[in-house]
Amino acid sequence: MKNILSTLLFIITLFVSLNAVSQNMERFPRIRERIVLAKLREIRQSLKLDSATFKQFRPIYMNYEKEIAGIDFRKLSRLMRVDADSLTTEEADQMIVNQMETAKQLIDIRKKYYKEFRTIISPQQIIKLYQTEAELRKKVMQEIKRRMMNR
Numbered sequence: 166m167k168n169i170l171s172t173l174l175f176i177i178t179l180f181v182s183l184n185a186v187s188q189n190m191e192r193f194p195r196i197r198e199r200i201v202l203a204k205l206r207e208i209r210q211s212l213k214l215d216s217a218t219f220k221q222f223r224p225i226y227m228n229y230e231k232e233i234a235g236i237d238f239r240k241l242s243r244l245m246r247v248d249a250d251s252l253t254t255e256e257a258d259q260m261i262v263n264q265m266e267t268a269k270q271l272i273d274i275r276k277k278y279y280k281e282f283r284t285i286i287s288p289q290q291i292i293k294l295y296q297t298e299a300e301l302r303k304k305v306m307q308e309i310k311r312r313m314m315n316r
């Protein structure tokens, strides 16, 4: 288990580093695929999916991940890092609109896939799925911070 998490963290850290260089993961399909497969292992364990259920779940989750990867999350984080006083009203307005559009994209994808996930797993398992994804993101961020401190 510890080995899997270490591998997952390494792969995701690599992904985040590459993502910082280029938002377009289409240029790194093998790395993206390895990350998704590592996430799937963790999710399968967390949701306690049997082989038959996992076989149905996996392709849907792969499509979900592909759509999520297509979102430009930089728009969300840009809003929190900008010096608001240095922006014109138009620039600030555009940043807010962009952030809301990005958030809506994420919500739309989650709504779409909730319906698909619901045909295979329970709502409780879907909540666990979202919790597991959040935990993985948190672990990755902690690992990135740790590695940056050790530089």
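Mapped onto my numbering, the consecutive letters of the sequence shown carry residue numbers 166 to 316. A virtual CB, placed ideally from N, CA and C, is assigned to each residue, including glycine. Predicted, not measured: the structure shown is a model, and the values here were computed from it.
- In the structure shown, the three-state DSSP call for residue 213 is coil.
- Residue range 254–283 is occupied by the alpha helix (DSSP H) that includes residue 263.
- Residue 293 has its alpha-carbon roughly 10 Å from the corresponding atom of residue 299.
- Nearest in C-alpha terms to residue 246, of all of 254, 261, 233, 234, is 261.
- By a beta-carbon distance limit of 8 Å, residue 225 does not contact residue 266. Their separation comes to about 25 Å.
- The alpha-carbon of residue 209 is positioned some 7 Å away from that of residue 219.
- Less than 7 Å divides the Cβ of residue 222 from the Cβ of residue 285.
- Here residue 197 is buried, its C-beta having at least 16 other C-beta atoms within 10 Å.
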